[in-house]
Amino acid sequence: MDALLYILLILIIIGLCLLVYALIEPCCLKVTNDTISITNDNDTPISSPLKIFYFSDLHAEFCFISSTKVCELIESTYSNEGLDVVVFGGDICNNPGNFQKGANYLNKVAMTCQKLSIPFIGTNGNHDVKLSPKELSSCGFTLLSDDNFFLNKGDKIVRFSGVSDTGRHHRVWHEVPMTSKPYDLHILLSHNPDQILHITDDMPDIMLSGHIHGGQIRTPFGIEFSILRKDELPKKGVISGINNVCGSQIFISKGIGCVLLPFRIGARPEVNIITIK
Numbered sequence: 000m001d002a003l004l005y006i007l008l009i010l011i012i013i014g015l016c017l018l019v020y021a022l023i024e025p026c027c028l029k030v031t032n033d034t035i036s037i038t039n040d041n042d043t044p045i046s047s048p049l050k051i052f053y054f055s056d057l058h059a060e061f062c063f064i065s066s067t068k069v070c071e072l073i074e075s076t077y078s079n080e081g082l083d084v085v086v087f088g089g090d091i092c093n094n095p096g097n098f099q100k101g102a103n104y105l106n107k108v109a110m111t112c113q114k115l116s117i118p119f120i121g122t123n124g125n126h127d128v129k130l131s132p133k134e135l136s137s138c139g140f141t142l143l144s145d146d147n148f149f150l151n152k153g154d155k156i157v158r159f160s161g162v163s164d165t166g167r168h169h170r171v172w173h174e175v176p177m178t179s180k181p182y183d184l185h186i187l188l189s190h191n192p193d194q195i196l197h198i199t200d201d202m203p204d205i206m207l208s209g210h211i212h213g214g215q216i217r218t219p220f221g222i223e224f225s226i227l228r229k230d231e232l233p234k235k236g237v238i239s240g241i242n243n244v245c246g247s248q249i250f251i252s253k254g255i256g257c258v259l260l261p262f263r264i265g266a267r268p269e270v271n272i273i274t275i276k
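Following numbering that gives the first Met the number 0, the residues of the sequence shown are numbered contiguously, the last one being 276.
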């Protein structure tokens with residue numbers, strides 16, 4: 000009997016420690032520096048690297064990384080390394096009733112971008128499908144919802160395209176929006192990285208995604224992906240960071256907020272400074 004009590008006590012202590020850790024980790028921002036190299040046999044390279052500040056999965060109700068912190072990072076990156084564009088990967092809030100909190104956050108980021116004269120673009124996520132076009136357009140960034148955005152980088156043209164997310168229920172995979180304008184590099188924004196498996200034409204050089212949260216609460220043997228989630232790429236071991244899928248370079252961010260519960264274990268929130276060479 001005493002042995003069972005000791006075991007129970009140990010399990011309770013372990014559980015409490017995990018709970019405390021899960022509450023602390025969402026507050027511990029990680030800034031990643033990632034480099035993606037693209038080979039283009041038909042053209043000369045961009046004269047200087049393209050710098051992208053990327054963040055995704057705000058989930059404003061359960062985001063413990065302040066907009067002030069994100070804005071400071073944008074400004075310091077711009078001052079120290081140069082910055083060409085800020086990109087948001089979708090999921091403004093968990094519940095449409097809390098939309099304004101997410102809109103206020105994103106508008107603060109937009110004001111920083113405006114001050115630095117750099118574009119702020121983004122796409123929507125599966126949690127944003129109940130938001131109206133008016134609400135989405137009030138968030139301060141240029142929404143690429145099945146649309147294109149072109150950025151001049153030296154003597155090159157970078158094409159950013161975006162596909163809208165239709166949500167988890169009755170999901171529809173949209174094709175990449177068409178363009179007749181010439182470009183040198185194509186970067187696709189898709190909240191859900193599984194999009195890359197459902198493109199039949201116009202494959203991008205690079206795709207920026209989020210959605211998976213790096214698992215958010217990592218479990219032994221990847222149970223959260225094999226049993227609890229239906230996403231395709233995690234079942235292939237593609238969870239976060241840079242991956243080569245279907246001939247494209249995919250970058251998946253772990254995001255900065257939390258969904259369902261304000262917990263993270265083994266998947267710190269992150270913003271990503273991406274250098275494309």
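Each residue gets a CB set at the ideal place from its N, CA and C atoms; glycine is no exception. Source: prediction; values computed, not measured.
Using 10 angstroms around the beta-carbon of residue i, count the other beta-carbons present and answer buried if the total reaches 16, otherwise exposed.
i	result
Phe119	buried
Cys245	exposed
Ile73	buried
Cys16	exposed
Glu24	buried
Tyr20	exposed
Ala109	buried
Leu7	exposed
Ile11	exposed
Val171	exposed
Pro132	exposed
Pro219	exposed
Ile222	exposed
Leu3	exposed
Leu82	buried
State the start and end residues of the unbroken beta strand (DSSP E) segment that holds residue i.
i	result
Met206	205-208
Ser75	Where Ser75 is concerned, there is no enclosing beta strand (DSSP E), although the alpha helix (DSSP H) it sits in stretches over 66-79.
Ile251	247-251
Glu269	269-275
Ile51	49-54
Gly161	155-161
Val175	First-last for Val175: undefined, no H or E at that position.
Gly240	240-244
Does the beta-carbon distance from residue i to residue j come in below 7 Å?
i	j	result
Arg167	Asn125	yes
Asp230	Asp193	yes
Arg217	Ile255	no
Asn298	Glu71	Past the edges of the chain, shown from 0 to 276, lies residue 298, and the structure says nothing about it.
Asp56	Gly209	yes
Pro301	Leu135	In the structure as shown, the chain begins at 0 and stops at 276. Residue 301 is therefore absent and cannot be evaluated.
Lys107	Ser66	yes
His173	Asp145	yes
Asp201	Val175	yes
Excluding sequence positions up to five away, which residues of its chain have a Cβ less than 7 Å from the Cβ of residue i?
i	result
Val213	Checking the displayed sequence, the identity of residue 213 turns out to be Gly instead of Val. Contacts found: Ile238, Ser239, Lys253, Ala266.
Glu80	Lys50
Pro48	Thr274, Ile275, Lys276
Val128	Asp164, Thr165, Gly166
Val84	Ile51, Ile117, Pro118, Ile120, Leu150
On the premise that residue j lies in contact with residue i, defined as a C-beta separation below 8 Å, what is that separation, rounded to the nearest angstrom?
i	j	result
Phe159	Leu188	6 Å
Phe54	Val30	About 10 Å; that fails the 8 Å criterion.
Leu207	Gly88	6 Å
Asn147	Thr111	No, Asn147 and Thr111 are not in contact; Cβ-Cβ is about 24 Å, not under 8 Å.
Phe224	Leu22	That pair is no contact at about 23 Å.
What are the start and end residues of the alpha helix (DSSP H) that includes residue i?
i	result
Ile216	Careful: Ile216 lies outside any alpha helix (DSSP H) and carries neither H nor E.
Phe98	98-115
Tyr5	1-23
Ser136	132-136
So, for residue i: in the same chain, excluding its five sequence neighbours on each side, which residues have a beta-carbon less than 8 Å away from its beta-carbon?
i	result
Ile205	Ile35, Ile37, Leu184, His185, Ile186, Leu187, Ser247, Gln248, Ile249, Phe250, Ile275
Cys27	Arg267, Pro268
Asn97	Ala59, Glu60
Asp33	Gly240, Ile241, Phe250, Asn271, Ile272, Ile273, Thr274
Val277	Residue 277 cannot be examined here, being either before or after the span of the chain that is shown, 0 to 276.
Using a Cβ-Cβ cut-off of 6 Å (strictly less than) and excluding sequence neighbours within five positions of residue i, which residues of its own chain qualify?
i	result
Cys138	Ala102, Leu105
Leu232	Pro192, Asp193
Ile156	Phe149, Tyr182, Asp183
Compare the C-beta of residue i with all C-beta atoms of chain D and state if any pair is closer than 7 Å.
i	result
Ile73	Of the protein chains in this structure there is only one, and it is not chain D.
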